[in-house]
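**Student:**
Residue numbers (my numbering), protein chains in the order written: chain D, 3 to 547; chain V, 21 to 654.
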């Protein structure tokens, strides 16, 4: 299906500016430094796959750490790129129309994707061993998906963007379905695959409409083309715009394209769910962000209000569903995080919707970038704390397969630090002190809405924040409760004699070192951001260029 | 009084805010060698006392160093840019409005830590030999409390030290207490709208856990109600603050108060005041947004109730004085009559609710009664603010502090009563004949009567001045406000003071007076001896031997039944007493203990001092209020 989709796109795009296509270097000069972050990740993925064929069974254990190191190396060029504004795969006509741009926006989002990929690798190490997943394939797929997601924010034309998104999605289908002998896993993968492919097909249809109207696939060209288009083609252009957004809304789990989320997260291994919730969402949101700000900014009146409504519906639906999760339901924790990630996607859309009025100003790109900077800042916060929460969930899922919310009782007694970290992550997601960064990331989003005349959306979001607090705090409270007594019959007798006697904490396994490292890293990130929120909030005030 | 270098003052204020935060983190860490104390529990409770004590001492030095000559100006001011992209500064400072509240917070938290330490250690050692009185009262409490059908499944803890021991680790308790202190102190020192909001929100999570983990019956729903109500209010408030900040061009409260009225259009002011007042009114609480308060106060542990009533409610009214009045006077003028109307409605409603609870046979809970009385008292504060006059606002600030002292004392007393008798139910406490605390525990009864009389606003005690000034302010409200309306409010409010006096006197009569030995058979004659016994731990031991120990599994239950010497409290121990009219639960309560003296004396002294020498406080607040109201008077 995707091959078919790619076959469809190739005739439409004369120069296919894909970074890995070396043949293109003859025509266009390639700045290898600029494209190195996704390239290194992709090459490392291939290397891991090949190495898996030759390594003995014992050596395969090293593939996980090797993947982690590869992702760290792939993030290193970001330091060099930080100070320069590189672009590559440009048209030779000196119009500065490029297919790949390593501007601040791209670099920040690439940092998030690669960092989140690194944390996911840490979370995956115990899971690969426990679930006996095929190591070589797993790491290959994870690295390829990360590479694809890292390519998304740097893309500056529609074909690169769609291919990057597909590169991020295709391995994810396999990752979701990788659990052997699990019907849930296979079903989740199939559901995810079918709906995702449909969404991609719709996006490609939209892309072809846009190409028909504007005659170009570069964002900048589309932006100009949409304003200069033949009035008869206006409807086609509008339809193309809307349809193109669908595929990205799907990845970002925006209502009404969110139905795959809970089942897929539950069916997938926990680290893969973490990956989808952060990296997948980043890919989708950054695609939306690029399209809206760079390609469709001239038609802001078309999508501004619609996006605001979608944001309101998304956050309300996600939070309402998360609210309904019972504590004793199997996979309650992952399901709750799944629905909460839908709710968070709603918050992420608010600055995008609020950016619509900025498009007409004197410095449209600057003002709009500052507004959507709130989305990027929120994504960074969300990425850190959501991965942290998933790290604790991954630990619990090792000892209790059902992973109910009630399994988190007594976590404080067993692992005080992990429990405090989870509480911190959840309060960050809720946006309540001591999760200071969560609060201020939300304040940044609120201020975009209030400042750009979306007061009604701000009020809806305010109500949603309160609703969300209820389920986050309920979970937080459970963490500090005493564990449930194992047998209810004995508990009755115990209650009569003196129920206050401290119930002996059930022996919990130690936290696997990679999981502990993941929790520590994300907690450190969250605390650092809480002490100095300016680190990410600078993006909301001219930090993006 | 003593002149301190400005740099020292700044450092003191920063220390007052930072120390509890660091202490909160330190409380979770294992005690370092040399500070281990007798047990981890004692060490961490002592840590709480030390940190809050140092913070209190620092706040007192700050108050002494405060230049009373220019109390209208911000002092000990420090301003650091924190989040430039949102324009948020860590702007701190105190003036005559915030200083009393800052010291009050530090004092009450310190007394709470002291009380927790005392009760934790006393019950811990006194009951070392067996389950004893503390555990016994717990079980009895769970059995007879009408609302005990809470959703929580963990054992129902009672109060103070016992609760700390049973419901959760003392480390967490102390950490939450200190985090709560950080939030409240920062609220009163913050001079940046969003920093204020951050501090305002910081108190929610600790207070939620204090109620949900260490509270009494019905604590789960009560804690939820508390946090959801307040959060809903405060996110709406955030929108209002953002609006003010955007239209005013800065989030700095001082800058906004002095020079940006012109920048804020009438519409903006009205919208902002509506949004901000919503958040503050929930916190204050203003009738009809008060309904979280009685449940939260009733379910909270003693320390939680004291801080909730003494400090947290003040954050709401303080916000009105600090932000709404000076920054958006025009918007406030639109809403002031409504605020006044709601305020007097709260006064009358609170008093009537209390009267209903105080009735014989109503099953009224003493904690709930005091909570409703808080609604009434905070009504006076809000009325004073609504007048927008210096007199009214000064009265409001005075009533704020007085309410913190008096209600703090009352909640301490009721908490101690609950610890002694296992109940706060008025009918249980009073029995058929009256609680007779005067007879059984004269000092305790005297303190309770003192608190009640102070609360009803007896001249010469702290409660009087605030309410009088608030009413006086309503007699002559600020220009632009409807005088007939406010005079009506004044009249209704004055009626409220009468009702307040009525219910408080009823409470005193029922709990403190009466004869517990009246109409009781000779079968209980031995209780006469025990009445004078200061240590109840011996009573359950003796009594449980006399009750046949057939049901050995429920030894604690029977101990509780006779430990409190009360038929209604413990069904298993009751049958022998069936024919006699129910005696009050207060029979045999021990009088005030040492640590209780330590915790309560400062409140009593300050209540008397503020009542006899109101100029001490008014001299501080008045210049600051004049300053803040310059915009309103214009």
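The beta carbon of each residue, even a glycine, is placed where N, CA and C say it ideally should be.
So, for residue 268 (chain V): in the same chain, excluding its five sequence neighbours on each side, which residues have a beta-carbon less than 7 Å away from its beta-carbon?
**Tutor:** 276, 280, 283 and 284, listed in sequence order.
**Student:** By Cβ distance, which residues of its chain are closer than 8 Å to residue 332 (chain V), with the 5 residues on each side in sequence left out?
**Tutor:** Closer than 8 Å at the Cβ level, and outside the excluded window around residue 332 (chain V), lie 204, 223, 227 and 303.
**Student:** Rounding to the nearest angstrom, what Cα-Cα distance links residue 302 (chain D) and residue 429 (chain D) in this structure?
**Tutor:** Taking the straight line from one Cα to the other gives about 35 Å.
**Student:** Taking 9 Å as the CB-CB cut-off, is residue 40 (chain V) touching chain D?
**Tutor:** So no, residue 40 (chain V) is outside the interface.
**Student:** In this structure, does DSSP put residue 536 (chain D) in helix, strand or coil?
**Tutor:** Of the three classes helix, strand and coil, the one that applies to residue 536 (chain D) here is helix, per DSSP.
**Student:** For residue 91 (chain D), name the three-state secondary structure that DSSP assigns.
**Tutor:** Of the three classes helix, strand and coil, the one that applies to residue 91 (chain D) here is strand, per DSSP.
**Student:** The region 428-449 of chain D: which residues have C-beta closer than 8 Å to a C-beta of chain V, in chain order?
**Tutor:** Against chain V - using a Cβ distance shorter than 8 Å - the residues of the region 428-449 of chain D are 429, 434, 435, 436, 438, 441, 442, 445, 446, 448 and 449.
**Student:** Helix, strand or coil: how does DSSP classify residue 100 (chain V) here?
**Tutor:** In the structure shown, residue 100 (chain V) sits in a strand (DSSP, three-state: E or B).
**Student:** Helix, strand or coil for residue 27 (chain V) per DSSP?
**Tutor:** Of the three classes helix, strand and coil, the one that applies to residue 27 (chain V) here is helix, per DSSP.
**Student:** Can you name the residues that DSSP bridges to residue 310 (chain V)?
**Tutor:** Residue 310 (chain V) pairs with nothing; no bridge assigned.
**Student:** Span of the alpha helix (DSSP H) holding residue 110 (chain V)?
**Tutor:** Element bounds for residue 110 (chain V): not the alpha helix (DSSP H) but the beta strand (DSSP E), 108-114.
**Student:** Under 6 Å Cβ to Cβ from residue 16 (chain D), same chain only, skipping five residues before and after it: list those, please.
**Tutor:** In this prediction, residue 16 (chain D) has a pLDDT of 42, which is less than 50 and means its spatial position is unreliable; what the coordinates show is noted afterwards. So no residue of the chain qualifies.
**Student:** Let me know the secondary structure DSSP gives residue 33 (chain D) once reduced to three states.
**Tutor:** Three-state DSSP puts residue 33 (chain D) in coil, outside helix and strand.
**Student:** Throw me the rounded Cβ distance for the residue 146 (chain D) and residue 47 (chain D) pair, which I believe falls under 8 Å.
**Tutor:** Confirmed, Cβ separation roughly 5 Å.
**Student:** Strictly under 9 Å for the Cβ-Cβ distance: is residue 208 (chain V) near chain D by that measure?
**Tutor:** It does not: the Cβ of residue 208 (chain V) has no partner Cβ on chain D nearer than 9 Å.
**Student:** Applying a beta-carbon distance threshold of less than 8 Å, which residues of chain D neighbour residue 221 (chain V)?
**Tutor:** Result: 434, 435 and 441.
**Student:** Taking the continuous beta strand (DSSP E) assigned at residue 91 (chain V), which residues delimit it?
**Tutor:** It is not in any beta strand (DSSP E) - residue 91 (chain V) carries neither H nor E in the DSSP assignment.
**Student:** When you compare the CB of residue 460 (chain D) with every CB in chain V, is at least one pair closer than 9 Å?
**Tutor:** Yes, residue 460 (chain D) counts as interfacial toward chain V.
**Student:** Is there a C-beta anywhere in chain D that falls below 9 Å from the one on residue 498 (chain V)?
**Tutor:** For residue 498 (chain V), the answer is no, since every Cβ of chain D falls outside 9 Å of its Cβ.
**Student:** When the Cβ atoms of the region 405-414 of chain V are set against those of the region 639-652 of chain V, are three or more pairs found closer than 8 Å?
**Tutor:** With the cut-off at 8 Å, the region 405-414 of chain V and the region 639-652 of chain V touch.
**Student:** Below 6 Å CB to CB, which residues in the same chain sit around residue 399 (chain V) once its five sequence neighbours on both sides are set aside?
**Tutor:** Closer than 6 Å at Cβ, skipping near neighbours: 363, 366 and 367.
**Student:** For the beta strand (DSSP E) holding residue 102 (chain D), just list the boundary residues, first then last.
**Tutor:** Its beta strand (DSSP E) spans residues 100-104.
**Student:** Below 8 Å on C-beta distance, what does residue 46 (chain V) contact in chain D?
**Tutor:** Ordered by position in chain D, no residue passes the 8 Å Cβ test against residue 46 (chain V), which lies about 14 Å from the chain.
**Student:** Is the Cβ-Cβ distance between residue 341 (chain D) and residue 264 (chain D) less than 9 Å?
**Tutor:** Yes, the Cβ-Cβ distance between residue 341 (chain D) and residue 264 (chain D) is below 9 Å.
**Student:** Please report the distance separating the alpha-carbon of residue 438 (chain D) from that of residue 279 (chain D).
**Tutor:** Each residue's Cα considered, the two are about 22 Å apart.
**Student:** Residue 22 (chain V) versus chain D: which residues are under 8 Å apart at the beta carbon?
**Tutor:** Near residue 22 (chain V) there are no residues of chain D at all, since even the closest Cβ is about 34 Å away, more than 8 Å.
**Student:** Below 7 Å on C-beta distance, what does residue 133 (chain V) contact in chain D?
**Tutor:** Correct list: empty, because the minimum Cβ distance to chain D is about 20 Å.
**Student:** Drop a sphere of 10 angstroms on the beta-carbon of residue 487 (chain V), count the other beta-carbons inside from all chains shown, and report buried for 16 or more, exposed for fewer.
**Tutor:** With 16 or more other Cβ atoms within 10 Å, it is buried.
**Student:** Determine the contact status of residue 144 (chain D) and residue 69 (chain D), defining contact as a CB-CB distance below 9 Å.
**Tutor:** Contact: yes.
**Student:** Mark residue 589 (chain V) as exposed unless 16 or more other C-beta atoms lie within 10 angstroms of its C-beta, in which case mark it buried.
**Tutor:** Low local confidence applies: a pLDDT of 38 at residue 589 (chain V) is under 50, so the model's placement there is unreliable, with the coordinate-based value given in what follows. By the neighbour-count rule (16 or more Cβ atoms within 10 Å), residue 589 (chain V) is buried.
**Student:** Is residue 212 (chain V) near the ligand COA, with its Cβ less than 8 Å from a heavy atom?
**Tutor:** The ligand COA is absent from the structure shown, which contains no ligands of any kind.
**Student:** Taking only beta-carbon atoms, is residue 536 (chain D) less than 9 Å away from chain V?
**Tutor:** By this cut-off, residue 536 (chain D) is an interface position.
**Student:** Return the residue from the list V:525, V:490 and V:527 that minimises the CA-CA distance to residue 509 (chain V).
**Tutor:** Closest by alpha carbon: V:490.
**Student:** What are the boundary residues of the alpha helix (DSSP H) that includes residue 483 (chain V)?
**Tutor:** Start and end: 482-495.
**Student:** Distance, Cα to Cα, residue 533 (chain D) vs residue 111 (chain D)?
**Tutor:** Whole-angstrom Cα-Cα distance: 22 Å.
**Student:** Taking Cβ positions only, does residue 192 (chain V) come closer than 9 Å to chain D?
**Tutor:** Yes, residue 192 (chain V) lies at the interface with chain D (some Cβ there is under 9 Å from its Cβ).
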